[in-house]
């Protein structure tokens, strides 16, 4: 959760690092995903800090840029180091909790089951492939890769594995090649 200015700068720096961006600012044209992530983080900060006018400004910018890119991501869901790989439909429930350094692709839906709070909790360093669907009161451990078009409706507590299929199941152990900061 982004509460202080220090938190905001940390989240922005980790997101920038996850996106492998070296520039100080987004390009005038392009860099839409980076712009969206910056707006998302500032909206979260201003919502938690009580800055009413800026909160409403960033709420508007968040909705506008989200509609442009096909993203429906509420504030306070993702940890630092978020990497959104492509534009396209991306839906996340407002009660979901997703750890640091999540790498997520287009077409992903992270949603509820029968009750509003029956939503996934996802660990750190999780890769979510294109078109994956995660729903229900489930837990995904750290360092898991979720295959493209997987339907995940049960928990996976074992770390460093690859899951895929409909319904998702463990496919193999995962060799850890690269890991973001911890």
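Numbering (the numbering used here), first residue to last: 24 to 205. Ideal placement from N, C-alpha and C gives every residue a C-beta, glycine not left out.
- Per DSSP, reduced to three states, the secondary structure at residue 160 is coil, with no helix or strand assignment.
- The three-state reading of DSSP puts residue 135 in coil, since its state is none of H, G, I, E or B.
- By the Cβ-count criterion, residue 68 is buried, with 16 or more other Cβ atoms from all chains shown falling within 10 Å of its own Cβ.
- In the three-state scheme derived from DSSP, where H, G and I count as helix and E and B as strand, residue 62 is classed as helix.
- When DSSP states are grouped into helix, strand and coil, residue 193 belongs to the strand group.
- Secondary structure at residue 38: helix, using DSSP grouped into helix, strand and coil.
- Every unbroken stretch of the alpha helix (DSSP H) spanning 4 or more residues and falling wholly within the segment 49-125 is given here in chain order: 55-72, 75-92.
- Per the C-alpha coordinates, the member of 51, 191, 133, 190 positioned closest to residue 118 is 133.
- For residue 187, the uninterrupted beta strand (DSSP E) run begins and ends at 184-187, by DSSP.
- Of the candidates 186, 169, 190, 107, 107 places its Cα closest to the Cα of residue 54.
- In terms of Cβ geometry, residue 176 and residue 161 form a close pair [threshold 8 Å].
- Nearest in C-alpha terms to residue 188, of all of 171, 179, 56, is 171.
- The beta carbons of residue 182 and residue 165 sit closer together than 8 Å.
- With a 10 Å radius around the Cβ and a threshold of 16 neighbouring Cβ atoms, residue 104 comes out buried.
- Taking a C-beta distance under 8 Å as the contact criterion, residue 81 and residue 59 do not qualify as a contact pair.
- Rounded to whole angstroms, the Cβ separation of residue 185 and residue 174 is 15 Å, and the two are not in contact under 8 Å.
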